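Visitor: In the working numbering, the protein residues as written are 1296 to 1508. Built from N, CA and C at the ideal position, the CB exists for glycine as well. Every value quoted in this text rests on a predicted model; they were computed, and no experiment measured them. Okay, handing you the structure first.
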Amino acid sequence: MGATRSFEVCSNPPAPIDVFEPITALRIAPCCKSDIDARSQKYSTLSACRAIALRRRAQRWTFVTQMKEAKNEIQLNAVEDHDGILTIRGGGAQRNWNGIHYKQGMSAKNVGTRKLSANIATIPPDGVAYAHIHVDFEVILYIIEGKVRHEFGAGLKQVIENEAGDFIYIKPGVPHEVFNISDTEPVVAFVARSSPDEWDNIIPYDRNQAGTR
């Protein structure tokens, strides 16, 4: 395995935003040191958290646009229907959403599922899936490769780390942000949802938001 990086929960996070960004917007850690290291010298007079905010604002994509693009990437011709059993060879083409690379997977959109959807998800080294909430559906993850960190709960103040071989269950409505804590190795996970609509019922979350469990 490659080197891992230790992240601190930021006590003075950047200004909240209401959109998600592409995978190129990476978090600097540890947060809130007075000067940023050599990789970001142009921000040397700013706090690390302020630099994060500037970078995010410069590169952000709207949540709605990402949802629309992801839907357009569904390849119906990849599905083989064998009269009751359907298959996608090799998992299908890659689709990207909120910093995560997904195999095509199966859902209501391509195989007509009624109660579930599933994909293989990959978070690149140093990657982040920005804070969000699953509305009214459950998620189970199985980590195939790598090490992942969740900051979760109100204000994303709780932290848990997992590695290959671990299962993770995320209850509906729990805010969370997901980090690949390696700067050299991807995180690969099997993702199953109790919703046929994949990420249609996912909303962004502001870590400064009050009153969210």
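Touch check for the stretch 1408–1423 and the stretch 1444–1462: three-plus C-beta pairs under 8 Å?
Guide: Verdict: no, contact absent.
Visitor: Determine the contact status of V1482 and V1434, defining contact as a CB-CB distance below 7 Å.
Guide: no
Visitor: Give a yes or no on whether the minimum CB-CB distance between E1472 and chain B is below 7 Å.
Guide: Here chain B cannot be found, since the structure has a single protein chain.
Visitor: Using the three-state DSSP reduction, which class does L1451 fall into: helix, strand or coil?
Guide: Three-state DSSP puts L1451 in a helix.
Visitor: Given this structure, state the Cα-to-Cα distance separating Q1389 from Q1370, to the nearest angstrom.
Guide: Looking at the backbone, the Cα of Q1389 and that of Q1370 are separated by about 10 Å.
Visitor: Rounded to whole angstroms, what is the Cα-Cα separation between H1429 and R1488?
Guide: 10 Å
Visitor: Is G1448 near R1502, with beta carbons less than 7 Å apart?
Guide: no
Visitor: Determine the DSSP secondary structure at R1390, reduced to helix, strand or coil.
Guide: strand
Visitor: Going by DSSP, which residues form a beta bridge with E1433?
Guide: Per DSSP, E1433 has no beta-bridge partner at all.
Visitor: State the start and end residues of the unbroken beta strand (DSSP E) segment that holds R1488.
Guide: V1482 to R1488
Visitor: Suppose you measure from the CA of P1470 to the CA of R1384; what does that come to, to the nearest Å?
Guide: In this structure, the alpha-carbon of P1470 lies about 34 Å from that of R1384.
Visitor: For E1440, collect the residues of the same chain with a Cβ closer than 6 Å to its Cβ; drop the 5 residues on either side in sequence, then sort them by chain order.
Guide: A1459 and V1483
Visitor: On the DSSP letters alone, give me the boundaries of the beta strand (DSSP E) that Y1397 sits inside.
Guide: I1395 to K1398
Visitor: Determine the contact status of I1499 and H1427, defining contact as a CB-CB distance below 7 Å.
Guide: It should be noted that the sequence gives Pro, not Ile, for residue 1499. Contact flag set, yes.
Visitor: If you drop the 5 nearest sequence neighbours on each side, which residues of the same chain put their C-beta closer than 8 Å to that of A1373?
Guide: Contacts found: I1383, R1384, G1387, A1388, Q1399 and N1405.
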